[in-house]
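**Q**
In my numbering, the protein residues as written are 75 to 278.
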């Protein structure tokens with residue numbers, strides 16, 4: 075998993091509450107376990123009309139937000155059914171940070187397992203950031219080490235994050251990577267167990 079330290083990127087505002095995982099990545103795009111290519115299904119029903127044409131008014135189709143790396147959105151983002159494809163689709167599109175006033179728990183946890191940083195700010199801070207990103211300057215900075223978001227005008231918003239999750243994000247560790255980082259300790263424990271409980275090794 076790629077480490078997340080600091081992100082300086084264009085932010086796309088999507089001020090909608092209760093965006094569920096089926097809106098993020100509709101069910102017809104869940105037939106693959108490959109992470110690449112899922113960006114074509116991201117917000118499909120919002121990005122495209124019934125004939126498959128791009129909706130010019132949708133934020134991610136607007137040229138001023140092309141290449142956005144941050145999504146600023148509404149309350150309870152990622153609600154609905156559990157699907158790891160949701161963070162996969164966002165990241166495949168190039169979005170590596172989502173800022174909202176709250177997230178659905180399962181989606182929030184899935185983000186950390188896949189290297190996408192979910193940032194929780196106060197509702198008035200999200201509103202202020204959204205307003206700025208709707209203006210002419212869309213560049214924001216997200217500093218995980220400092221736990222801050224800097225708006226286009228230079229306003230700084232602080233956010234909280236679990237220390238263990240922060241460490242794993244900074245070092246690019248998912249659950250498997252975290253386990254592998256403790257490989258020496260695991261080997262030492264297994265060697266000690268062989269000495270104290272040799273019959274377990276024979277039973278294997």
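By construction, the Cβ of each residue, glycine as well, lies at the ideal position given by its N, Cα and C atoms.
None of the values given here were measured: they were computed from a predicted structure.
Could you name the residues that DSSP lists as bridge partners for residue 213?
**A** 84.
**Q** CB-CB under 7 Å to residue 157, same chain, minus the five flanking residues each way: which ones, in chain order?
**A** These residues qualify, in order along the chain: 95, 99, 104.
**Q** Should the segment 190-206 be regarded as contacting the segment 171-180, the criterion being three or more beta carbon pairs within less than 8 Å?
**A** Contact holds: three or more Cβ-Cβ distances are below 8 Å.
**Q** Cutting at 8 Å between CB atoms, please list the residues of its own chain near residue 270, excluding the five before and the five after it.
**A** Taken in chain order, the list of residues that qualify is empty.
**Q** Quick check: what's the CA-CA separation for residue 111 versus residue 229?
**A** Rounded to the nearest angstrom, the two C-alpha atoms are 35 Å apart.
**Q** Under 8 Å, with one C-beta from each stretch per pair, do the segment 114-126 and the segment 176-185 reach the 3-pair mark?
**A** Verdict: no, contact absent.
**Q** Which term fits residue 254, buried or exposed, when burial requires 16 or more other beta carbons within 10 angstroms of its beta carbon?
**A** Note that residue 254 scores a pLDDT of 48, beneath 50, so its modelled location is shaky; the value from the coordinates is reported in the next line. Result: exposed.
**Q** Scan the segment 129-159 and note each continuous beta strand (DSSP E) run of 3 residues or more that stays entirely inside, going in chain order.
**A** Entirely contained in the segment 129-159, the beta strand (DSSP E) runs reaching 3 residues are, in chain order, 144-147.
**Q** Considering only their Cβ atoms, is the gap separating residue 97 from residue 131 smaller than 9 Å?
**A** Against a cut-off of 9 Å, the Cβ pair of residue 97 and residue 131 comes out as no contact.
**Q** Using a 10 Å radius around the Cβ and a threshold of 16 neighbouring Cβ atoms, would you call residue 165 buried or exposed?
**A** That one is buried.
**Q** Going by beta-carbon coordinates alone, are residue 205 and residue 78 separated by less than 9 Å?
**A** No, they are not a contact pair.
**Q** How about residue 88 and residue 215: do their beta carbons lie closer than 9 Å?
**A** Taking 9 Å as the Cβ cut-off, residue 88 and residue 215 do not qualify as a contacting pair.
**Q** Report, in whole angstroms, the separation of the C-beta atoms of residue 85 and residue 207, which I expect to be a contact under 8 Å.
**A** With a Cβ gap of about 5 Å, residue 85 and residue 207 count as contacting.
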